[in-house]
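Peer 1: In numbering that gives the first Met the number 0, the protein residues as written are 0 to 225.
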Amino acid sequence: MDSLDALLPIAVRATAIGSRLIRGQAPGALMGKGDRDFASEVDLTVEREIRTFLAAETPSIGFLGEEEGSTRPDAERQWILDPIDGTVNFTRALPMCGVSLALVEAGKPVIGVIELPFLHHLYTAVHGRGAYRDRHLIQASATTRLQDAMVSIGDYGVGESAARNPTRLALTAELAKTALRLRLFGSAAVDLAWLADGATDATIFLSNMPWDTAAGVILAREAGAV
Numbered sequence: 000m001d002s003l004d005a006l007l008p009i010a011v012r013a014t015a016i017g018s019r020l021i022r023g024q025a026p027g028a029l030m031g032k033g034d035r036d037f038a039s040e041v042d043l044t045v046e047r048e049i050r051t052f053l054a055a056e057t058p059s060i061g062f063l064g065e066e067e068g069s070t071r072p073d074a075e076r077q078w079i080l081d082p083i084d085g086t087v088n089f090t091r092a093l094p095m096c097g098v099s100l101a102l103v104e105a106g107k108p109v110i111g112v113i114e115l116p117f118l119h120h121l122y123t124a125v126h127g128r129g130a131y132r133d134r135h136l137i138q139a140s141a142t143t144r145l146q147d148a149m150v151s152i153g154d155y156g157v158g159e160s161a162a163r164n165p166t167r168l169a170l171t172a173e174l175a176k177t178a179l180r181l182r183l184f185g186s187a188a189v190d191l192a193w194l195a196d197g198a199t200d201a202t203i204f205l206s207n208m209p210w211d212t213a214a215g216v217i218l219a220r221e222a223g224a225v
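1. May I ask which residues mark the beginning and end of the beta strand (DSSP E) holding alanine 187?
2. Of all the options Tyr122, Ser160, Ala169 and Gly129, which has the alpha carbon lying nearest to the alpha carbon of aspartate 190?
3. Between aspartate 81 and chain B, is the shortest Cβ-Cβ distance under 9 angstroms, so that the two count as touching?
4. For glutamate 65, which residues in the same chain have their Cβ closer than 6 angstroms to its Cβ, ignoring the five residues on either side in sequence?
5. Closest to glutamate 75 by CA distance: which of Ala201, Ile217, Ser186 and Ser59 is it?
6. Could you compute how far the alpha carbon of leucine 218 sits from the alpha carbon of valine 112?
7. Less than 9 angstroms separating the beta-carbons of glycine 106 and alanine 188?
8. Output yes or no for whether 9 angstroms exceeds the beta carbon distance between alanine 195 and alanine 139.
9. Can you tell me whether threonine 202 is helix, strand or coil according to DSSP?
10. Ordered along the chain, which non-local residues of its own chain (more than five positions away) have a Cβ less than 6 angstroms from that of alanine 222?
11. Output needed for leucine 145: all residues of its chain with C-beta closer than 7 angstroms, excluding positions within five of it in sequence on either side, in chain order.
12. So, under 8 angstroms CB-CB, isoleucine 83 and leucine 63 are touching, yes? Tell me the CB distance rounded to an integer number of Å.
13. In this structure, how does DSSP classify glutamine 146 when only helix, strand and coil are distinguished?
14. Do the CB positions of arginine 167 and glycine 158 come within less than 9 angstroms of each other?
15. Hey, how far is the Cα of glycine 61 from the Cα of aspartate 147?
16. For my contact list, valine 45 and alanine 213 are in at a C-beta cut-off of 8 angstroms; report their separation, rounded to the angstrom.
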């Protein structure tokens with residue numbers, strides 16, 4: 000079985016494919032997925048291109064993509080991809096979006112790669128090896144007091160997840176009383192990458208899916224976040 004050290008460069012090449020497509024194409028047609036939720040043509044193109052690349056490079060590893068589901072869901076290892084985390088930002092030419100790819104074993108991420116194509120940063124982590132931005136070791140913030148903390152909050156819900164918005168609003172109100180600042184970036188990948196990098200001190204999300212968080216969680220953990 001391929002080692003994690005051998006699989007990390009493959010994951011980096013995969014996210015680079017996605018970033019080139021994101022930088023090189025307009026969003027195109029938007030396809031509705033629910034109440035105020037949609038995917039762009041580029042989301043679908045990125046997922047298909049990365050799925051094809053990973054199937055050729057790592058045929059024994061399964062794949063779960065946000066837009067088109069699973070390939071070999073019974074495989075011991077799974078790639079989990081969000082082709083564009085922050086699609087709404089992308090469609091509005093806001094730079095807070097990225098390609099988020101994780102390798103998961105037994106339900107736990109062991110490799111995480113997040114590339115932010117418009118900010119030109121690549122975040123990588125391997126279990127037990129630390130977290131990196133552009134090959135530089137990064138470390139989560141050591142801030143321990145809420146009064147000193149920059150806290151990012153996950154997007155407010157639409158559709159079924161809107162039922163949690165009263166909780167989000169109440170939590171926002173409580174944090175605003177004490178935290179240094181609150182921020183809402185509109186991308187869980189950005190939230191977790193910047194947490195790992197020490198740019199923010201904490202992040203909160205209430206309703207994200209595995210493709211949103213798998214890569215960012217191992218980045219944050221490997222950088223020392225709890």
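Think of the CB as a built atom: it goes at the ideal place given N, C-alpha and C, for glycine as much as any other residue. Bear in mind that the values here come from a model prediction, so they are computed numbers and not experimental data.
Peer 2: Taking the structure as given:
1. Within the sequence shown, numbered from 1, the residue matching residue 187 stands at position 188. First-last for alanine 187: 187-195, but that is the alpha helix (DSSP H), not the beta strand (DSSP E).
2. As a first step, residue 190 is located in the sequence shown; it is residue number 191 there, counting from the start. Selected option, being the one with the closest Cα: Tyr122.
3. Checking the listed chains, one finds no chain B in this structure; it contains a single protein chain.
4. Mapped onto the sequence shown, residue 65 falls at position 66. Closer than 6 angstroms at the Cβ level, and outside the excluded window around glutamate 65, lie Asp81 and Trp210.
5. Indexing the sequence shown from 1 puts residue 75 at position 76. It is Ser59.
6. Working through the sequence shown from its first residue, we reach residue 218 at position 219. Working through the sequence shown from its first residue, we reach residue 112 at position 113. Whole-angstrom Cα-Cα distance: 8 angstroms.
7. By one-based count along the sequence shown, residue 106 stands at place 107. By one-based count along the sequence shown, residue 188 stands at place 189. For glycine 106 and alanine 188, no; Cβs fall outside 9 angstroms.
8. The residue labelled residue 195 in the question sits at position 196 within the sequence shown. The residue labelled residue 139 in the question sits at position 140 within the sequence shown. Cβ distance < 9 angstroms, so alanine 195 and alanine 139 count as in contact.
9. If you number the sequence shown from 1, residue 202 lands on position 203. In the structure shown, threonine 202 sits in a strand (DSSP, three-state: E or B).
10. Start at 1 with the first residue of the sequence shown, and residue 222 comes out as number 223. Only Ala130, Ile137, Gln138, Ala139 and Ala195 meet the Cβ criterion.
11. Indexing the sequence shown from 1 puts residue 145 at position 146. Here the set comprises Thr177 and Ala178.
12. Here residue 83 refers to the residue found at position 84 when the sequence shown is read from its first residue. Here residue 63 refers to the residue found at position 64 when the sequence shown is read from its first residue. 16 angstroms between Cβ atoms; not a contact.
13. On the sequence shown, position 147 is the one that residue 146 refers to. Glutamine 146: helix per DSSP, three-state reduction.
14. Taking the sequence shown and counting its residues from 1, one reaches residue 167 at position 168. Taking the sequence shown and counting its residues from 1, one reaches residue 158 at position 159. For arginine 167 and glycine 158, no; Cβs fall outside 9 angstroms.
15. The residue given as residue 61 occupies position 62 in the sequence shown. The residue given as residue 147 occupies position 148 in the sequence shown. Approximately 42 angstroms between the Cα atoms of the pair.
16. Taking the sequence shown and counting its residues from 1, one reaches residue 45 at position 46. Taking the sequence shown and counting its residues from 1, one reaches residue 213 at position 214. Incorrect: roughly 17 angstroms between the Cβ atoms, too far for contact.
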